[in-house]
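Under full-length UniProt numbering, the first residue of the sequence shown carries the number 1, and numbering increases by one thereafter.
Beta carbons: idealized from backbone N, C-alpha and C, even for Gly.
In what follows, a structure is listed as C-alpha cells, so that the remarks can point back to it.
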Amino acid sequence: MNREEKQALVDELSEKFQSHNAFYIADASGMSVAKINEFRRLCFNRGLEYKVYKNTFIRKALDTLGGDTTEMDAALAGQSGVLFSKESGSAPAKLLKDFYKSQNYGKNVEPKPALKGAYIDASIYVGANQLETLSTIKGKQELIGDIIGLLQSPAKNVISALSSGGSKLAGILKTLSEKEEVAG
C-alpha cells in the first residue's frame, strides 16, 4: 500500500469519525471467520457498521477530531475493529451484550469481540468494564422523550387535581344536601 492509499484510508476513517456521533473500538482477534461474519450480519441488521483498521490509521484519524483523544491510545493495541453508530451511543454496547449472550460465553472466558474503548459525543470510555455503563446511555431521541414526558406530567397533575377536586366538591355538596333533607 503506497502513501497516497494510506492517506486516503485515514481520510475515509476521519470522515466516518466526523459523521458518526459514536464509535467503539473492539478486539475480534481469535474469532473464527464464521463468528466474525455472524457479528457483521448482526451489525448490519441493527444499522451499525463494523470494519477492521490498523491502529496507526485509527490514531491519525482520531487526531483530526480535535480535543484530547490520548486516552484512546490504551485501546489501540492488538487487532482493532471499529463499530460505527449514527443514531445512538448505546446501540453498539447493546449489540455487543446481545452477541455475548447469543454466544454463551462462560464466566472465565473473555467475550469476543472485546470492547477496548468508545467515543460518544466527545466523551471517551476505555476498557471492557465500561460496557454496562455504555449500554445504559440514553440516545438523543430517548432524552427528548423523557424531557417531553417531564414537561407534560405537571400539566397532567394539575388537570387531574382540578377534575378530581370538582367531583369531590360535588360529592360533598350532595351529601350535605341529603343530610339537610333527612334532618329537615
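Counting every other CB atom within 10 Å of its CB across the protein chains shown gives Met72 a total of 16 or more, marking it as buried. Straight-line measurement puts the Cα of Asn108 at about 43 angstroms from the Cα of Asn2. Taking C-beta atoms as the reference points, Ala26 and Gly81 count as a pair closer than 8 angstroms. The Cβ atoms of Thr64 and Ser19 lie no closer than 8 angstroms to each other. If you draw a straight line from the Cα of Val52 to the Cα of Gln79, it comes to about 8 angstroms. A direct Cα-to-Cα measurement between Lys94 and Asn55 gives close to 24 angstroms. One alpha carbon belongs to Lys138, the other to Ile120, and they sit about 11 angstroms apart. For Ile124, no alpha helix (DSSP H) encloses it; the enclosing beta strand (DSSP E) starts and ends at 123–126.
Where Glu71 is concerned, there is no enclosing beta strand (DSSP E), because DSSP gives it neither an H nor an E. Taking the CA atoms as reference points, Thr175 sits about 31 angstroms from Pro154. Asn45 and Leu96 have their C-alpha atoms spaced approximately 13 angstroms apart. Distance from the Cα of Ala61 is smallest, within the candidate group Leu134, Glu12, Ala114, Ile147, for Glu12.
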